[in-house]
Amino acid sequence: MSKQYFNKKWISIGIVLLIILIILTIIWGSFNNLVKLDQDVQQTWADVETQYQRRVDLIPNLVSVVESAAIFEKETLTQITELRSRWQSAGNINERVETANELESAFARLLLIAENYPDLTATQNFISLQDSLAETENMVSVARTRFNKAVRDYNTAVRVFPSNI
């Protein structure tokens, strides 16, 4: 009888250890998944900032071409230059996003104003810069979409069981 009791005791201990091992594995996997998703969020935000920087880097060339072809709308050109400086010196993410949105609006105004100057819109430099700017805007949009998906995936993982524990 004592041998049978001894075997049941070890089986019970084994079952308890197995359950503990399963729980630890689930917790470990959940934690690692959250870390991975957080890293994805950080990486996709870095991609968004890279595209913002690319757009900001186009500004001096665009302003130079526009200024040389037509003396107009100094206010718009000044605003774009100031926004570029403000974006580069922004201290946090919210300031950068706000400035990037203002830059988007200023670029739209600049391109609308530029259409009033046929000599400007006909120059190869302007056409090339306009194409680069359109390509960059598309890349910003794609990067933002990827960032939003990464944040959504992370937020979902944080809220579902067992990660929410």
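Heads up: the sequence shown runs through residues 905 to 1069, numbered per my numbering.
All C-beta atoms in this analysis are idealised placements derived from N, C-alpha and C, irrespective of residue type, glycine included.
Query: Just verifying my parser: in three-state terms, what is the DSSP assignment at F1011?; Result: helix
Query: Between V1044 and Q955, which are expected to be in contact by the criterion C-beta below 8 Å, what is the C-beta distance as a whole number of angstroms?; Result: 4 Å
Query: CA-CA distance, D1057 and N937?; Result: 11 Å
Query: Among V969, T948 and T1003, whose alpha-carbon lies nearest the alpha-carbon of L981?; Result: V969
Query: For a test of the three-state rule: what should DSSP assign to P1090, helix, strand or coil?; Result: Nothing in the structure corresponds to residue 1090, since the chain is present only between 905 and 1069.
Query: Please work out which residues of its chain come closer than 8 Å, Cβ to Cβ, to L1033, disregarding the five sequence neighbours upstream and downstream, and give them in chain order.; Result: L962, N965, L966 and V969
Query: Could you tell me the distance, in whole angstroms, from the CA atom of E1008 to the CA atom of N998?; Result: 15 Å
Query: Just the Cα atoms here: how many angstroms apart are P1066 and A950?; Result: 29 Å
Query: Cβ atoms of A1047 and V952: under 8 Å apart, would you say?; Result: yes
Query: State yes or no: is the C-beta of T1049 within less than 8 Å of the C-beta of R959?; Result: no
Query: Between the Cα of D944 and the Cα atoms of S916, N1068 and F1051, which residue gives the shortest distance?; Result: F1051
Query: Closer than 7 Å by C-beta to L987: which residues in its own chain qualify, once you throw out the five before and the five after it? Chain order, please.; Result: T1003, E1006, L1007 and A1010
Query: Does the Cβ-Cβ distance between L1014 and I984 come in under 8 Å?; Result: yes
Query: Buried or exposed for W932, going by 16 or more other Cβ atoms inside 10 Å?; Result: exposed
Query: For Q992, I'd like the list of residues in its chain whose CB is within less than 7 Å of its CB, leaving aside the five on either flank, ordered along the chain.; Result: V960
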